[in-house]
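S.K.:
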Amino acid sequence: MKWFTKQSGTPSAPDTAAEVAKPAPVAPMFSKHDAIKAMFMAHGKFDTDAINGLKSSDCIHEVRPSTLNIAPKTNAEYEAYLNAGIKPFFSRFDLEIVELVEGADCASVLARSTGDTVVGPYSNEYSMFFWFDPTGKIVRIIEFVDSMGSADFFKNKMYPYIAAKKQEAEANSAAASAE
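Taking my numbering, I'd label the letters of the sequence shown as residues 69 to 247.
#1: When burial is assigned at 16 or more other CB atoms within 10 Å of the CB, is A95 buried or exposed?
#2: According to the neighbour-count rule (16 or more other Cβ atoms, all chains shown, within 10 Å of its Cβ), is L136 buried or exposed?
#3: From Y146 to E247, what does the alpha carbon distance come to, in whole angstroms?
#4: Quickly, what does DSSP pair G188 with across the bridge? List them, please.
#5: Would DSSP call A175 helix, strand or coil?
#6: If you follow the alpha helix (DSSP H) that I104 is in, where does it begin and where does it stop?
#7: Under three-state DSSP, which class holds L163?
#8: Would you check if the region 205 to 215 and the region 122 to 139 touch, i.e. whether three or more CB-CB distances between them fall below 8 Å?
#9: Which class does I119 belong to by DSSP, given the choice of helix, strand or coil?
#10: Alpha carbon to alpha carbon, how far is A239 from R132? Give it in angstroms, no decimals.
#11: For M216, count neighbouring Cβ atoms within 10 angstroms of its own Cβ and tell me buried if that reaches 16, exposed if not.
#12: Please classify V186 as buried or exposed, where buried requires at least 16 neighbouring CB atoms within 10 angstroms.
#13: My output table needs one value for K141: the three-state DSSP class, helix, strand or coil.
#14: What does a CB cutoff of less than 7 Å around F221 pick up in its chain, not counting 5 residues either side in sequence?
#15: When you compare only the Cα positions, how much space is there between D126 and A118?
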């Protein structure tokens, strides 16, 4: 198991004698740390080709907790969500690895984001879990978000903005049709 921290960005020493005594697993031909960094950078650019290039064709992305009522998404559904529901409203979005723990075929990440949107600054915290196939492709993502922060931002700020813009566009369309 490898631990990475934001401060050093490098593996730290094992914490326990039991961890020292464990035989080292066979090193994979890919770096989970590098794959997750690339995933986060691609999200910052809303580069769905790069995002999908890091995932297997059958990858499922789940956002939790379940109280948010967000259905799991295939690659195509996640791409549509980013392109229509997020990208148009963010002028900047940065994801930062705070801490990363690697397992044999998985990694756990504590992360935070900041961004600039049409309704003001955005920030969130995440616990993310990534599973990898033997080639290094991500096959499953579970993303726990700060549900209180997400609900406040999207339900109280972003969704009302989107509804007002939609209403404005419909009014403009009706006025143009009347002319």
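In this text, a Cβ means the ideal position worked out from N, Cα and C, and glycines have one as well.
The structure displayed is predicted, hence computed values, not measured ones.
M.R.: Reading off the structure:
#1: Residue placement at A95 cannot be trusted, given a pLDDT of 45 that sits under 50; the coordinates are not used to answer.
#2: exposed
#3: 40 Å
#4: T185
#5: strand
#6: K100 to G112
#7: strand
#8: yes
#9: Helix, per DSSP.
#10: 36 Å
#11: When all chains shown are included, M216 counts as exposed.
#12: exposed
#13: strand
#14: Y190
#15: 16 Å
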